[in-house]
Structure formats: C-alpha cells, structure tokens
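Residue numbers (this note's numbering), protein chains in the order written: chain A, 3 to 235; chain B, 90 to 372; chain C, 125 to 436; chain D, 2 to 312; chain E, 585 to 1096. Cβ coordinates follow ideal geometry from the N, Cα and C atoms, glycine included. Let me begin by presenting the structure, written as structure tokens, before commenting on it.
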Amino acid sequence: MFSLSLKAENISKAYGNGRSSKKRRYVLEDISFEVQKGETLGIMGESGTGKTTLGKIVAGIEKATRGEIFFAGNSIEELSKIDYARFRKKVQIVFQNPEGSLNPKKTVEKSFQQVLELIGIPTEKRGEVLLDMLQTVGLSEDFLCRYPHQLSGGQNQKVALGRVLLLEPDFIILDEPTSALDISVQAQILHLLKEWQAQKEIGYILISHEREIISFMADRIAVLKEGRLAFTS
Amino acid sequence: MKKPALPRQNGSAQKKSLSSLLAVVLFLVFFILALCANIIAPHDPWERFDPYLPPSVEHWLGTNDLGHDILSELIYGSRVSLLVGLGAAVLATAIGLCVGLFAGYYKGVTDEILMGITDVFLMIPRIPLIILLAAFLKPSFWIIALVIGFLWWTSTARVVRSKSLQVSEMNFVLSSKCLGFSDKHIIFTDIFPNIIQIVIPKFMLTVAAAMITEASLSFLGLGDPSMKSWGMMINFAFTKGGLINALWWWFIPPGLCIMFFVYSVVLLGYSLEEKEQAVLGIS
Amino acid sequence: MSCLHIKHLTVTFETLMGTVVAVDDVSFDHESKETLALVGETGCGKSVIASSILKLLPDNANLSGEILYGDKDLLRLSERELADIRGQEISIIFQNPTLALNPVYRIGDQISELFRVHKRASSKKSKAYATSLLGRMGFKDPEHAFHMYPSQFSEGMNQRVLIALALALHPKIIIADEPTKGLDDQLKEEILKELMKIKEEKESSLFLITHDFDAARNIADRVALMYCGQIVEIALSPDFFDEPFHPYARGLLKSLPSHDFAPIPGASPSMISPPEGCRFHPRCAERLEVCSHEMPEPIKKSGRIIRCFLYR
Amino acid sequence: MKKIARYLLALFIIISINFFIPRLMPGDPITNLMGEDYIVSQESIDALKAELGLDKPLLVQYVTYWGDVIRLDLGHSFHFHTEVSQIIASKLFWTTALVGLSILFGTLFGAILGALSGWGKNDPKNKTLTTFFLWIYCTPPFFLSLVVLYVFAFKIGIFPLRGFYETGTFTDIAKHFFLPVLVLSLSLASRNYMIMRGSIIQEKGKLYILYARAKGLLNRGILFRHAFKNASLPLITLVALDIGFIISGALFVEIVFSMNGMGTLIFDALLARDYPVLQGIFLIITIMVVVANFLADIVYGIIDPRVREQR
Amino acid sequence: GPRVGYGIAKNQNNRILRIGTSGRVRSANIFLDSYISVFAQLSNPSLMKMTPDGRIVGQIAKDIHISSDYMRWEFHIQEDLYWSDGELVTPEDVKFTIEYIRDRSPVAGWMKDTIDTVSISDEKAVILQLKRPYTRLDVEMATHRLLPKHIWQSIDTPMQYTNPGENVGCGPFFIQKIDLNRGVILFAQNPFWKGPKPKIDAIEVHIYQNIDVLSLALDKGEIDVFYNYASSYPYQNLKKIRANSRFDFIEKLSTGLIFLGLNLGKAPMSDLRFREALSFAIDYGEIIKLDSLGYGKIPNRGFLPPTIEHYKDTTPLEYNPEKAKQILDDSGYGDHNGDGIREGHDGKNLALTLLVRPVHARLAELIQDYLRSVGVKTTTKSVDTSTWINLKDRYRYDLTIARTTPWGMIMHAGWATGYFDSRRTGEGVLHNIDDPKFFKLCDDLLSTRNKEKLRDFAFQVQDYYNGQLPAIPLYWNVFVTPFHTKFQGWLTNPLYGIFNIDNFLNIEPAQK
Ligand SMILES: Nc1ncnc2c1ncn2[C@@H]1O[C@H](COP(=O)(O)OP(=O)(O)OP(=O)(O)O)[C@@H](O)[C@H]1O
Ligand SMILES: Nc1ncnc2c1ncn2[C@@H]1O[C@H](COP(=O)(O)OP(=O)(O)OP(=O)(O)O)[C@@H](O)[C@H]1O
Ligand SMILES: [Mg+2]
Ligand SMILES: [Mg+2]
C-alpha cells in the first residue's frame, strides 16, 4: 500500500519587496525532505533561520517562492477541493506563539466547540470529547470560560495543542510545542505526543531548539542553517 | 496592622447593568410607540385643528402648519422613522460588512474587485440617482430605506476592509485556516468579533443618517410628503417657518426623538462594549 | 540589602467560573544585585507575580499585600509615579514577545522610544544606542534589524528585542519572564552572558522566571519554587539543585531530560478550588496524614524557606 | 499593477455612469431653457439640440463625451453660460477652502476627542462628550446651520449672515467662514469621534499597550504614541471618502449661509439638467475621490507594514 | 471696545436701497440668465412697460403706431436716452436687440415665425414688419431688455458670455458689478441719465439662498425690502416682521393664483361632472387659512382674479362635499364594491396620481384628504421641477398643483389662455385643452386690439373656464412685500411688483 507521506521538494522562500531583487532575501533555499506517517523529523536551528517559515510552508498556510509540497504523493497546489479539505484536516500545525494563535475574542470552550463542530462530532457527545481532551492536555474545567489573555503562557500552549489533537491529523508540525511549559508538564506533553504517535501513527515535524527534546522525540534530525537543511545522525 | 485596601479599578457591576437596562427600556419605548401609535397618540395625526397653536393642555406640543397635533405626529412618525432608520442601517451595515470582510480576508483579486465595486458605488452621484428613482418608482418609505441602504454601505465596507486586512494577518486566523475551518467561518467568527468595535459606531451613525436623509430626500423630491416621519417633521418645521418664529415645540421634539432613539441604539452598543471590556478586563 | 520586599501578595481574578487565586499570600525578598530564579509549574502564578510588581494586571484582578521597593509600596503608587519606575528602574520582559511589540512601529523606534521618553535623548543618539543594543543581542545586521517590523521577525528575534528593551536603561531590577524561551543553545548562552554582564556592570538584580533549570543553575543565586499560587521553597541555587527539599522540586528534577522526561504523575490542580491542605498532596509521593487537611506554613530551615510538613 | 487596473476600470465605469445618470433623469436641459410659454417649431428645437450636441444618438454622444474627458475638455454650460472648467474652478477655490478647513478641524478634533474618550473610562465627562457629539450627528446639517446662524449671526450678531466675503480682507473672510466651517467641522468631528472611540477601544485590550505601560510610558503617551496609530486606519479611510461627500454634502450649509459653492452648483445644475456641468463636477469629484483613496491606500501601507506586504 | 455687529453699523447710508432676493441667479449674463434679466430691466429697460394699473405703455418707445392689419409696428424711440458709457441710445440699438433676440435667444422662437424684417425709419423709429398679424407685440416687448449694440455686436455666442463687471445700461441705474461669490448685484446711477433724477444713490440686490435667512437679514435691517419675481414674502414669516416697527407692507391681490390642474385627456378628468364634483370637494376656506395664512381669496370658477383687465364676476367656488358626493353618485362614480373608494366608468377604483413639486407638498396633502373624504383615492408623487415639467408635458399625471405668474396670465392670447392652449407649451403651462371652441376664442383674442371686442372675448374666455372647469383655482393670492420705512413712495406694477423703474425713480428716503 502506498504509504501516506508529507514531502517537501526544493522549497525556497524569499522575503522582501517582490520586484527589486536586491531587497529580496532568501530565508530558505532548496529544501527537500519527506516525512512518513508515524515518524518524527526533528528540525533544529538558530533563531531566525526560518524554521517557523518552513513549518508554515509545509502546513500549506504560506506560499513558498519556489518548490512544492506533496501530500500523499500529490502536490498540494493541484489538489481538488475535496482533497485539499482532507489535506487541511490531516496536516496541522501548532504555533510557536500560543497566545497569538488563539482568537482573543473566543473562550477556550468556544475554540474547542468549533473544532468539534467542524469534525462533525454530534452535539450530545461534544461535552464528553471536550472534557477528555482537556484532561489529556492537563487542563481543568475552570478554563473553559476563559479568554486567551486570562491564561498563562503554558495553558495557552496546551489549548492550542489540544485543539489540533482533536482533529486526529496524520501529520502535525510542532513549532516549539513545549517552549512555555514547565519541565514536568513538558515531559507529560512529550510522552503524550509519543503515545499518540504510537496509537495513531502520526507523523511529526518537531521544531525545537532543545537538543534533548529533539533527540528524545525524533527519528531523524535535521539542522537548518543559512537557509539549507542538513541531516545529522 | 492592616494597610488600606487597594482601590478597585472597575466600576460597580450594578451601574453597568443600569445603563444597559436604560438602553433596553428606551429602545422598547420607541418600539411600543411605533407599534401602538394608534392607541397612544391623543389625536389622529391627520386631523386638522387650528394651525400654529402653541403647546396647551389639549395639544401638548401644539399644532403644525396644517393644524396637525404635533405630539400625535411624533408618535406616528416613529413608525416610518424606525423602519427607515433601522432598515436602512441594517441593510447598509450588512452589505458593507460583508464586502469589507471578504475584501480584507481574501485580498488579491477579490479585494480589487470588491473595492472596485465599492468605489463605483461610492462615487455614483446619489442625488441624481435618487431623482431618477423618484420619477420611476412609486413613493413609499420602504423604497427609501432600500435606496439609502443600497447607497450608504460603501464607507462601512472600506472601514471594515481596512481593519480586517490587519486582523486577517494575525496568527489566530492562520491557525483557524490550518484547522480547516471554512473561509466563511473564519470571516464571521474569527475576524468579525475582532472588528466589531468599528462596526457598532458605524451602524449607529447609519441609523441616524438614514433618519435624517429620509427627510432631505423629500426635500429633493423623493418620497411621499404626506408620510409622517420625524425627519419629515423637521423638514416641514423649517420650510414652514418653524425656526423663524421660534416654534421650538415643533422642531425640537422630532430632533430629540431621533437623538434619543439613536442614543438607545448607542447605549445598546455600549453595553455590548462594556460587557466585552469586562471580560477582557480593560477599562 | 534587599531591594524588593514582597509581603503577603495575593492576587485573585474574577472569572465566570469563580475566583482564581493566582497568587496566594506570597512573601519573599529580592536582594539587590541578586539573581533570583522563580520556577514552577505552568499556570502557577509566576507571570502574575511579575506583572504585579509593576502593577500591570488587568481590571478583573484584585490585589492585596505590599510590594516594597525602597520605601515605596509599588502597589499604592499612582500611575505617574509608577511611570518613572517602569522601564527605568524596574523593567520587564514579557513572556509573549510578538504580541508585546507594537506591530506598526519599527523595532528600532520601539527601542529608541525608551531613551526619548526617559532620558530625553536626541533621536540620533537614541538610534545609535538602540542599534548597538541590537548588536549585542545577537543580531548580525543591527542596522537592518532596526528597520524591521515585529511581524517580519521570528519569535526568537522578537524575544531578543524585548530583552534589549529591558536592558536598555540599566534598570535596578530586571524581571525576565522566560527570556530564553525559543532560543537555540548558543544564542541562549550569549544572551544570558550579556544579561549577566550588564547586571554586573550596573549592579542590577535579576528576577528570572524560567523553566530552564540549566540556566537557573548557572546564573541564579537563589531559586524560588512555586506551586499553585504559593511559594513552596526558596533556597540558594546550588542547594536547591543538589538537594531539593520539597517533594515537588524533586519531582521536577526527575522530569529533566537526563531522567528521560519522567513527569510528576497527576494533573495540575485547579486554581479556583485548589486542593485542601497542602496543594501538592494529591500528587505527592511522600505525603503525610496531615497534608490532606492542613495547609503547611512556610518555615525557615537551614537557610531555606520551605512549605512542607516533612520539614516541620 | 492590479491596483492601477482596478482604479482605471472603476474610473471607466464611474465616468460612464456620470454620463448616463443625468441623461436618464426625466427632462432635458432644453425644457429648462425655454420659459413660461413658447411656440417653437420642431426645427428650432432641433437646432438647439444640435447646438448642445443632443441630437446625435446616445452612443455617439457617449463616444464624444469620452473624447472630451480624455482631452479634459469639459465643454460649456447651458445655464451658466461659461466654460464648465471655469465655473468649477471659481467655485472650487472657495469650496476647497471651506471643505478643506472643515475636514482638517473635523478630523483633528474628532479623532483626538474620540481617542481620549475611548481610552478613558466611561465616566460622566466622556458620556457628556459622547452625547454632545451624538446630538450633533443626529441633527440635520440644515437644522444645525440655521440654529447656529440664528444664534450667532442674528441674535448675537458677531458674524455675518451670508456669503464668502463682504470686503475681501482676511479678517472679513475669516468671519464669513467661521460659522460654516464650525458647522461642517462639528458634524464631521461627530462622526470621526464615534469611529475613533470604537477603534481605540478595540486596541486598548492588546498586549502591546500593556507593554508600553511597562516601558514607563504615561497613559496619554501610550494613547498617542501607540494606540492612536493602530486605531487610525478606519479614520484614514473615512477622511479619504469624505472628500467627495462633503463637496456635495456641503450643499445645505451653503444654502443656509448663501455661499455660492460647489454644493449649490451641483444642485442648480441638477435641477436644470445641465449635463456638461454635472459631468464636469462628477468627473472632478471622481478624480478627487480616486486620488484620495489611492493616497489612503498608500498611507495604510505606511502605517501598517502587515498591510503593505500584501501588495 | 464695543462689539460692532455685522451689517447694522454699515447700513447707515439712507440713500442706498438694499433689496433682498432668494432667486437663484446662476450667471452674470443679463441676456440669458432668467433671474438676472429680471433685475436687468432697471439698467436695460424694455421697449414697453406695464403701469401700476396694469396697462402696457411705452418705456424706451415714446409711442407706437400699429397698422390696422397689425402687420406693421412702428416704435418711436425716446431721444434723450444715453448709455452709461455716454453713447446715445439709437433705433439701431433697438433693431439690433430685436434681431439679436430673434436669432440668438432660445426662448424667443415666436419671433422667428412672426417678425419678417426690422428696419429703421429716419424719424428715429424702428419698424417691425410681421409675417402674420400679431396684436400683442407690445406685451411681448415689455419683457425684453434693450442691449447696447456697440457692446453686444461683438458677442456672437451669448450662450457662453458672462460679464461680472460693469454692464452698460441706459436706465436710471446701470449694473456696476455682479459678484456672485459675494452674492450681490450692484447698481449705480447712470451718469448720462437725462430723466427725472433718482432720489437714491445706488441699489444693491443681495442674494440669499435661504428665505429664512433673508427674513433674518430683513429683520436685522441688512436689507430694506424683499423682492422675488412673482412671489409674495413667505406668509409664515410675516408675523415676525410685522412685529418690527420699522417695516411697512404693500399688500396687493396678485394677478396670479394657485390651481389644481387636471389632465383633461384622461378619464375621469375628461368628464365635466367629475371635475365639478372635485370642485365641490375642496375646502377653499381652509386652504386659504392653512396654505396662505389668510392672504388669499376664494376664487371663482372663471379662474381669473379681479385684478385682471376685463374681469368677469363668475360663479364663486364652493365647498360642499355632500354635493360633490351627490354629483359623483349621479354621474356613475358610485362605490359599488363598498371599499370606500368610488369606481370609475371602467369599474376600477378611482385612484389618481397627484403630481407635485416639493413646494406644494402641503397643499397636496390637503387635496388628497379632501378627495379621500368624497371617496376618490389619490397618491401624491413628489418630484423635482424638471421631472415635473417632463411628466406634465407627456401628460403623465391625473392631477397636479401649479401656480400662475403675472406674465403667464398675459402671455399668448392673455387671460391665462397660455396655460391651457394645447398648441403652446412652456415650463409652467399645462396645455391641456384641445377644444376647437377654445382655440377659436384664443384666435379671436389675438385678432384684435379693439377694447370692446377684447372685453367681449375676455368675458367669453372666463365663461368658458366657468363652464368647462379646465382647472380648479384653489386661491387667488395676495402678495405682501415688506419694506423698510426709511424709504417711501413705493410703486408696484402687476408684472414685476416693486422692481420697476417708476418705483426706483419715485422712492425717496423718508423725512424724519
Ligand atoms: N514577513 C516577513 N518579512 C521579512 N522577513 C521575514 C518575514 N517573516 C519572517 N522573516 C524573516 O525570516 C527569517 C526566518 O523567520 P522564522 O520565523 O521562520 O525563524 P525561526 O527559525 O522560526 O526563528 P525562531 O526560532 O526565532 O522562531 C527571519 O530572519 C525573519 O526576519
Ligand atoms: N486575567 C486573568 N483572569 C483570570 N485568570 C487569570 C488571568 N491571568 C492569569 N490567570 C490565571 O492565573 C494563573 C497564573 O497565571 P500566570 O500567567 O502567572 O502563570 P505562569 O506561572 O506564568 O505560567 P506559565 O509558565 O505557563 O507562563 C493561571 O492559572 C491563569 O490561568
Ligand atoms: Mg520560529
Ligand atoms: Mg507565565
């Protein structure tokens, strides 16, 4: 059987004024890699090298200047509407900046509820699923009525993660998923991620600056430096 | 020894609910006036007494140039004014909101097209168009509401667009996109709540503008002059010597009515605002 | 000499689900020139303490207690008096750098603003100074960085901008809420070095909130451990890392990578209705009978402050 | 590029609309040229139509019209008896002064007061201010102008009753301008106030505001250095839109203060169905609005880099 | 120092007459702008003029000789008239003016069809040779301004000509300046005027765009008198100015009136019985009370007011709703389906469109109510003037409200025939009668200048109106003109009210 994979091919990304090439600055150059379901690719790199940018491109929410992303063998540019919707559900990203990725005008409950609605969980079951997920990421019910700014950094991160996990994606791009968590909770979350990976065969692209986390989680490690990706053992 | 308690910054919750209560009450009063005008009004507003009577026990606000009881006119006027004001404002705000949100969210070609349309609507010479319509349409106030609604949405659209351009760049919108929410969902549940503060005043302003415009339209020849509305009352008060003879009981009350009605809408808007500020914890 | 006394600080928030006791009767001293690391569980109230010091809490917060800075009680100062202290004498690095920066101003302008407001420096001078600061924060092309907007920067870059901002005026106290979050090892080291250098030079004290035990071990003089709104242990840094007293501290150390990320079992407690007795007891491996119904008071023991019945 | 294409297309449509709408209105310029009673042969009507270029099919007229637009030849007026460009130029000077000043004051006061009120607490002072501006907004400009005129020019008598000037000296002109500019500025300010107030409220919950406080900025400093710029986007839009509206919207103020400006010109031309004048004015307004919008777009970009990157 | 109020302090000069008007002067073209040309008759008088008692007599023309077949008109020109630049006024000027109007004025189409040649005889006379007999040339000549040939001969396209500065004129005053931005037309004394010396130095016409502001200016003393062509001072503003002791009033029953026009070509208006029923449904007394605040008279069915020459006292109109209903019932307009609205002969509900301009909104409301109470439903359609003209000219209305002007009453064959004769058209006229009997009457009127015959025909016209009711007059209105008592000696004529040369030569500052 054809195995489900997420593949980046010759991704380049330039920022700056579109027309004048002088001002254009390439952040990513010619990056290619492939991640299979159930596998973790760790990406490390200095601050500002383009890890987040790469993550966003792979997740399909930012356009690469050049290159393509393939999901299950098809370029995501050419996906039909239905396939794109599937891709959209199956490839998720957890942002580095957790508070910024939550709508400031929505309570935690609403954020969750809408995802539940999106994935078609019947209304009567939603409460149960929601509480389950809260417990999974280690949040209590108290948080349901809070707005993002009423949560601590780590709590925001948990909400963001929980929301993504609900979708049961095939691939998750984790951009510094535990940066705001204390070490015990970080450990909990890392174990949780591993557990889910084992159960549901999720592929991770884990972006982190912490060598320990990467080596704990990743099957393969790549380092992003000066726009290029180098695999290390 | 205990230090003095720190002053708490937020006002008492009671006061807040009071003002929203006031808003609701005020709004309802106008609503009831409009609904039950025939019961509440002391006279038939088309019945003619002596013209230009000053306020008296019989006519609390006197009579106008045709001898109509001004108070009754005022009460009946709420029907048309509320309908035109709210109708036009709802229409204009709805169109403007949608156009602005879509343009700001989709950007690119959609933005260009929508803003192009907005520009065109913005610059359509309104008065000629209204005269044109007046000649071909049967006069009625819902047509006026429609016309105002269809012509007055452009600035809302542009204002909304400028703000939603800002908001749609934020991470949480990206995040929603990534979760696979439909564009419609993102526009209305992610972007919209974050620009509502600009839409609320825009809406209030449109309510007032529509009520006043309705009067000036008749000045230009559109509409049925025998229709009773607050704007119309002000209009006649001026063309028929209300100001020059200082008949304040004629032109002030309809002005006040417009003002208070808009104020009730404003207060409603504010209580929304306050509720939100309360949850967001800002003062 | 101590420069910041926090006495019986309690911060609660009103929410629809009830009152959140984010900080519960916290008292500690922060000596001058000292680096105090505050560690603790996610959501235990560290950032709230940091914000309370500068009185930057939202409206739904209720504060009580005292925060003495010199002879002033920061909580009772007027906004105007506070403005003179903020940024200049006490600066803070927020946890969420991207949202903390104004999206419509250039990075450089946001830094120079400090000089213009507090020092009334000329724009040229403040620009030069801001550029040099950016250089020290590991920006290879500080001129370029000066002209960028926050949205064009990565998370880590904004983080560094915030650090630059906090150090700019050589404040007496620097409150850093996870300043090295998201930075790679090398940069982290550089930044911390820079931080310590400035701290030494200017004799400032550093209030460091962090999850990074390595950093805390390396630079902190003392460590305060927080759990569920309370400070449960304060100890000198070597002591703390060598032999933590509180069971929670021991649990935490076990979650370190070196122990293969073995987490403390159980979930974080609710801050609205915290557990009776010792807040940690439901997850505590060494709990006693009393722990479940009586709250331990902080006591001094061998140079530490500890809040646990095991050490009574 | 796209932007320019869009503006050109919009311009094309609007300029076409400017041609068709006046012509679709019932009546024509000739009816109004005639007077109470006449007998004219079809022949002389035709001659008249030919003189005014109305004899040709609409489509041909339309093509000619475009030729004129491109050559910027606005033609001459049927009723004002001069070159349209000349009439407009003479009115535009005064109207621009009137409108320009009003936009300036209306924007400044509206924005600043609105920002202060949105920033501050909802205390009695701000409530009063809001009520005041609401009052102004809910008062038809006609009404407001007459009341102001009645009180200041008639009762107190410190301002003249009408016109742009009497003797033409600076103080004389200033005296004549004071009341109309006051009325227009107030009604503009009332709207700007509401918008700015809402916009500031939206901004003030943001974290960067809190951080600005942490930097040691004072309340007002934060408002005007930080919140104001972010919140001003909608206002810029509105001010750009104003240009067109006010010119025609100044009509009522012009009527009350007997100022022979653009508003009156439009109204007269409209009632008389003076096509060339109408087309000329609409063309000028169109261009002004397009330019203003274009500038506003540029200003957005300058203010907000995130918006600029979209280009 | 003391606050100097605007206007009051400056208006100390008792020898300058300030006239306030709210006419919309559009351009400084005395030949074509309809508002300015009213004022320009002071500087550029017409050949003929109307006397205060309504007769047409010579003005520039000393006397006229008319051939018995009305084909040849000889105008003898005053000999001591000079233009304000010192040139003598000559028959050449008159000839030039008539030809200029004939060739270049869009409103003078009739001249092309009527005037054959214009020539000058050696006795300082201008001779008009006509193509067909025309009896009313003198009336027409009372409304056209004399132009100085030496100025205007170089102006080929009057349509594109404005002169905001000095306009050479030959009246007692000439136009010194037309400053539309300031809103004034300034008249100075003609230095070469040889006639009786005016007792005032100058005349200023101040243009106010809003009548209420004009009233304030009057009250305040910034202007001395109100003047709008064919209009009374607004009745509702009178009360205030009456309270000002410095003002006095000229009150004259006008030759104009307000009337309800009927589309005679359409059922049911084509039915005389229906028209009569309408006439009984209207409460004239109330209309006068409400719309003219008492400054009006209940009209006769004969349409024309008593101020007109050869007035005939016909049946007064009467408010009698019962009678109206009776007539409607009797003539087949019963309410058979019982919905409160009568049906026409076609069985459909009588639902009429009342086409009005915004100025008549209130009257429309009243009419609508009167008709409703006799079971006729009307819808008011309020439109702007151009639309009104357009719809009216295309007979797209059932009822409409219109007013007549003094000139309108004497135009065409006179006696308001110009409003009804369907062979004519014009801005304010209805041209709704195409009855050969009426055409014959008009032609008869046009065929003679014989006083007896004219009277006879005028009576017949009034009888025709009385019998046929082509329009229902609503009220004959009284024109009220407030004036400052610091001037006295006011003279008015039915055509132009106070704005006539006789008046300006006559008024003088009041003696204290
Ligand atoms: N909108 C933009 N315009 C210009 N440059 C940008 C923009 N967005 C990102 N960049 C640049 O791209 C580079 C990569 O940014 P990115 O956020 O991907 O870094 P990162 O590797 O995730 O860093 P960190 O670890 O600090 O989060 C940075 O140098 C940043 O300045
Ligand atoms: N405005 C608020 N309203 C209600 N609760 C709040 C508010 N702000 C913070 N809290 C709660 O107070 C507690 C302490 O938050 P704080 O931000 O101090 O945590 P923290 O220790 O900094 O955690 P982290 O390490 O995750 O940043 C949290 O449980 C949080 O949910
Ligand atoms: Mg990143
Ligand atoms: Mg925190």
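Report the neighbours of D/P30 on chain B: residues whose CB is nearer than 7 Å to its CB, in chain order.
Per Cβ cutoff of 7 Å: no residues; D/P30 is ~14 Å from chain B at best.
Using a Cβ-Cβ cut-off of 7 Å, state whether D/D305 counts as contacting chain C.
yes
Could you pull out every residue in the same chain whose Cβ sits closer than 7 Å to the Cβ of E/L672, ignoring the five residues on either side in sequence?
Y666
Counting only runs that start and end within the region 860-918 of chain E, where is the beta strand (DSSP E) found for 3 or more residues in a row?
none
C/Q276: beta carbon under 6 Å from a heavy atom of ligand 1?
True, at least one ligand heavy atom lies under 6 Å from that Cβ.
What is the DSSP secondary structure of E/Y1059, counted as helix, strand or coil?
strand
So, are the CB atoms of E/I1056 and E/S863 less than 7 Å apart?
yes
Those residues, in chain order, that have a beta-carbon closer than 5 Å to some heavy atom of ligand 4:
A/S154, A/G155, C/S171 and C/Q219
Compute the Euclidean distance between the alpha carbons of A/S210 and C/R284, then round it to the nearest angstrom.
Rounded to whole angstroms, A/S210 and C/R284 show a C-alpha spacing of 17 Å.
Under 8 Å by Cβ, that's how I've got A/S113 and A/L120 pegged, so tell me the actual separation to the nearest angstrom.
Not a contact, Cβ separation roughly 11 Å.
Beta bridge counterpart(s) of E/M632 as assigned by DSSP:
E/G642
Could you check which residue in C/E327, C/A254, C/R374 and C/V241 has the C-alpha nearest to that of C/L349?
C/R374
If the cut is a Cβ gap below 8 Å, which residues of chain B does E/Q952 touch?
S315
When DSSP builds the beta bridges, which residues end up paired with C/H154?
C/L128
Residue range of the alpha helix (DSSP H) that B/W446 falls in?
For residue 446 of chain B there is no data in the structure shown, the boundaries of chain B being 90 and 372.
My guess is that C/V144 and C/T136 are in contact by the Cβ rule of under 8 Å, so how many angstroms apart are they, rounded?
The C-beta distance from C/V144 to C/T136 rounds to 6 Å, short enough to fall under 8 Å.
If you compare alpha carbons, which of E/E724, E/L888 and E/A851 is closest to E/I640?
E/E724
Cβ-Cβ distance between B/V354 and B/V296 below 7 Å
yes
Contact set between D/E167 and chain E, taken where Cβ atoms lie within less than 7 Å
R766
Can you list the beta strand (DSSP E) stretches of 3 or more residues lying completely in the region 171-250 of chain C, in chain order?
Scanning the region 171-250 of chain C for uninterrupted beta strand (DSSP E) segments of 3 residues or longer gives 185-193 and 214-217, listed from N- to C-terminal end.
Where does A/G164 land, buried or exposed, given buried means 16+ other C-beta within 10 angstroms?
buried
Would you give the residue range spanned by the alpha helix (DSSP H) that E/T701 belongs to?
No alpha helix (DSSP H) holds E/T701; the beta strand (DSSP E) holding it covers I699 to S705.
Could you tell me whether the Cβ atoms of D/H82 and E/T746 are closer together than 7 Å?
yes
Who are the near neighbours of D/Y66 in its chain, counting only those whose CB is closer than 8 Å to its CB and skipping five residues on each side?
Counting only Cβ-Cβ distances below 8 Å, and skipping sequence neighbours, we find F20 and Q280.
Using the three-state DSSP reduction, which class does C/F270 fall into: helix, strand or coil?
helix
Say whether chain B places a C-beta atom closer than 7 Å to the C-beta of D/W67.
no
For ligand 3, is there a heavy atom less than 6 Å away from the beta-carbon of B/Q286?
no
Contacts around A/T109, its chain only, beta-carbon distance under 8 Å, and the 5 residues preceding and following it disregarded:
L146, C147, R148 and Y149
Within 7 Å, strictly: CB atoms of D/R163 and E/Y792
yes
Per-residue burial, C/Q310 [other beta carbons within 10 Å of its own, 16 or more giving buried]
Flag for C/Q310 reads exposed.
Since I believe C/Q219 is in contact with D/P306 (beta carbons under 8 Å), could you give me their beta-carbon distance rounded to a whole number of angstroms?
At roughly 24 Å, the Cβ-Cβ gap does not stay under 8 Å, so D/P306 and C/Q219 are not in contact.
Assuming the contact rule is C-beta atoms closer than 8 Å, C/V147 and C/G169 should be a hit. Round their C-beta distance to whole Å, please.
5 Å
Nearest-angstrom Cα distance between E/I1085 and E/V809?
16 Å
How is the alpha helix (DSSP H) around B/G176 delimited, first residue to last?
I159 to Y195
Using a Cβ-Cβ cut-off of less than 9 Å, list which residues of the region 246-274 of chain B approach chain A; keep chain order.
M259, N260, F261, V262, L263, S264, S265, K266, C267, L268, G269, F270, S271 and H274
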